[in-house]
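Visitor: Taking the working numbering, I'd label the letters of the sequence shown as residues 22 to 122. Beta carbons: idealized from backbone N, C-alpha and C, even for Gly. This structure is a prediction, so every number in the text was calculated from the model and none was measured.
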Amino acid sequence: GERLLKTPMPTGFTRHSSRLLFIWSNCLPFALYPLLGPIGTLPTSLLTSYAVLGIEDISVQLEEPFDILPLRQFSNTMHDSIQAIASGYIPHVIAKTDEKI
């Protein structure tokens, strides 16, 4: 588990996918123009590129969750809260009695 977490994700993979999507998004209108004409090409290209680039952004965040998402602050806050609860906790001890009920 720990070895997997410490293994860095190759930056070339992320860089390559970003460049490929940039080129694809710029070529998309040329592929859509014969099918949709000048009116439909722009909105279709924008919506499709927005959706695909959004999925790519989510994948980058999932690849490196500890660098992008505020998980460190979240875990520190949880630790502090648990320590606060634990410091005020008084265990209830039931004393043994020899009396029979």
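Would a C-beta distance cut-off of 8 Å place L39 and P50 closer than the cut-off?
Guide: What sits at residue 39 in the sequence shown is Ser, not Leu. Their beta carbons are not under 8 Å apart, which means S39 does not touch P50 by this criterion.
Visitor: Using three-state DSSP, classify P2 as helix, strand or coil.
Guide: This structure gives no information on residue 2, because the portion of the chain shown stretches from 22 to 122.
Visitor: Whole angstroms are fine: how far does the CA of L68 sit from the CA of L57?
Guide: If you take the alpha carbons of L57 and L68, they lie about 14 Å apart.
Visitor: Can you tell me whether DSSP reads E84 as helix, strand or coil?
Guide: Here E84 sits in helix by DSSP.
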